[in-house]
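Numbering (my numbering), first residue to last: 55 to 506.
Ideal placement from N, C-alpha and C gives every residue a C-beta, glycine not left out.
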C-alpha cells in the first residue's frame, strides 16, 4: 500500500541580508531540500528563495505548475512576514509544513539565523487566517525532525487522498443504527469523501449474471490454502462468491475506495446469505465495514492511508476493569489473522450463513472512531495492548462454533475514561502506534480529538 509522498518546496529569507549571507543560506536550504528526498519525499517543485515582493508572484506561479500533497515552507532565517503570508495564502487548501531551521555551531560560537523569529511572527497569523499548518523545528541532522516531517507527509497524503475517495454503501443504516448515519454535505465539504448508495437489489442483479464456471474457478484459486469446513456445501460457497464477484465489478465500475452493506436486513432477507464472505474477500483490496456504517468506513480510510495497513473493524462485547473485549462476527481481512483463515457455517438467532474465523494478531494497537454532531466532527483515539481473548461466545451463538475473530484490548486505568467516551458500536484498529498521525490529521481537518 505504498504511496508516493509529494511536496512543493519554497524557502524564505530577509531582503536586508548581504549577498554573501544569502549564498550561505542557499547552501543550507539546498541541504534541507536534499534531506526531504533522502527520507522518501518527492519534491515536485522548488521555488524561492522568496526575499521581497517581486519574488512572491514568481514563487506562486511556479508552485501552481505541479501537483503535490503539501507545501514545505522552509524558514532558515529571519524573513519578512508579508512575503511568507502572501506566498502561502494561495495554497491554504493544502497542508503546510513550516520547517524552521535551528542554530548552526561554528567552532565555539552558536550562529542563530533567527528562523524562530520569522516563525513566531507568522505562525499565529497563518492559523488565524485558516492555514492547515504544522510547525517542525530543527535541523536536517536531527532524527526526530526527519521522523516528524515524514509523519506529516503521510498525514498530508491521507488528507489529499480523502478528497478523491468514494464510498459505496448497499442500503442505509442497518437495523436503524443512528451511528451508521451521516450528513452527506458536510462529509463531502469538510472531510472530502463522496458517498453513493448503490442498493442491494442492483448488486444481486449483477450477481445473477455471474456464471457457475467463473465462481467455481475463483473458489479453486482463492481458497486453495484456506480451511473450509466439510459441512459447507459448494453451492453455498458459490452463492457467496458470486456476490463477491458482482461486488468487485461494481467497485471497479463506480471507483469505490471502501464499501459497506446491510447485514441483518440485507442479503439474508433477499439472498439467503450473510455478507461475511463477500466483504472478507473485498477487504483484501479496500476497507470494508458491515451494516452500512459510513463514518466507520471513513475512519478506516483514514487509518489505512496513514498506516499503510488494512484496518479492521471490531464491535464491543464486554468491558472489564482494565480491558475491553472486542470481536467481529464473521468478516475479517486475512491480513489481521495470524493463521490460515477458516470458513465455517453458522447459525446465530434466526440468521445462517458462512463466516470467516481465525486467531487475530496481537500487540500494540491504535483504536479510533469518527463521528459527527451536526456538521462538526470528532474522533476518539486510544492506544492499547491487544492479547488473545479467553474462550467466549455471544448469546444465541452455537456453543460448538469457533470463537469470533476477537481480542482483549488492555487499556489499564484508562478503561473507564475510554468507556465514557465511546462514540459508536464499531471501532477500528491498526497495529502499532499511530496516535500522533491521527491527531495531526484531525487538526488539519478541524476534527475535535478525544484521546483516552
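Selection from the options that minimises the alpha carbon distance to residue i
i, options, result
"residue 96", "75, 121 and 109", "121"
"residue 418", "336, 410 and 487", "487"
"residue 65", "269, 426 and 134", "134"
"residue 94", "82, 114, 109 and 61", "61"
"residue 151", "503, 505, 506 and 498", "498"
"residue 132", "260, 237, 171 and 197", "171"
"residue 339", "346, 313 and 349", "313"
"residue 244", "431, 447, 504 and 164", "431"
"residue 334", "226, 315 and 415", "315"
"residue 180", "153, 77 and 139", "139"
"residue 108", "68, 77 and 99", "68"
"residue 115", "143, 88 and 187", "143"
"residue 324", "63, 375 and 294", "294"
"residue 375", "300, 348, 336 and 468", "468"
"residue 78", "240, 130, 92 and 182", "130"
"residue 257", "111, 357, 320 and 271", "320"
"residue 269", "283, 291, 254 and 59", "291"
Buried or exposed (CB count within 10 angstroms, at least 16 for buried), residue i
i, result
"residue 194", "buried"
"residue 214", "buried"
"residue 136", "exposed"
"residue 433", "buried"
"residue 81", "exposed"
"residue 92", "exposed"
"residue 427", "exposed"
C-beta contact flag for residue i and residue j at 7 Å
i, j, result
"residue 484", "residue 365", "yes"
"residue 146", "residue 125", "no"
"residue 585", "residue 360", "Residue coverage of the chain in this structure runs from 55 to 506, which leaves residue 585 outside it and unanswerable."
"residue 157", "residue 166", "yes"
"residue 209", "residue 495", "yes"
"residue 420", "residue 489", "yes"
"residue 397", "residue 463", "no"
"residue 346", "residue 225", "yes"
"residue 353", "residue 407", "no"
"residue 436", "residue 472", "yes"
"residue 141", "residue 113", "yes"
"residue 216", "residue 247", "yes"
"residue 296", "residue 261", "yes"
"residue 318", "residue 228", "yes"
"residue 343", "residue 351", "yes"
"residue 186", "residue 286", "no"
"residue 367", "residue 332", "no"
"residue 492", "residue 422", "yes"
"residue 220", "residue 310", "yes"
"residue 391", "residue 425", "no"
Beta-bridge partners of residue i, as assigned by DSSP
i, result
"residue 189", "152"
"residue 508", "For the chain, the structure presents residues 55 to 506; residue 508 sits outside this window and is missing."
"residue 224", "315"
"residue 344", "315"
"residue 396", "281 and 411"
Close beta carbons around residue i, own chain, < 8 Å, minus the five adjacent residues each side
i, result
"residue 394", "279, 280, 281 and 412"
"residue 443", "379, 381, 457, 460, 461 and 462"
"residue 164", "157 and 158"
Close Cβ partners of residue i (< 7 Å) along its chain, the five nearest in sequence each way excluded
i, result
"residue 202", "190"
"residue 369", "380, 381, 382, 479 and 480"
Contacts around residue i, its chain only, beta-carbon distance under 6 Å, and the 5 residues preceding and following it disregarded
i, result
"residue 384", "330 and 409"
"residue 70", "none"
"residue 103", "65 and 67"
"residue 86", "128 and 194"
"residue 22", "The structure shown does not extend to residue 22, since the chain is modelled only from 55 to 506, so the question has no answer here."
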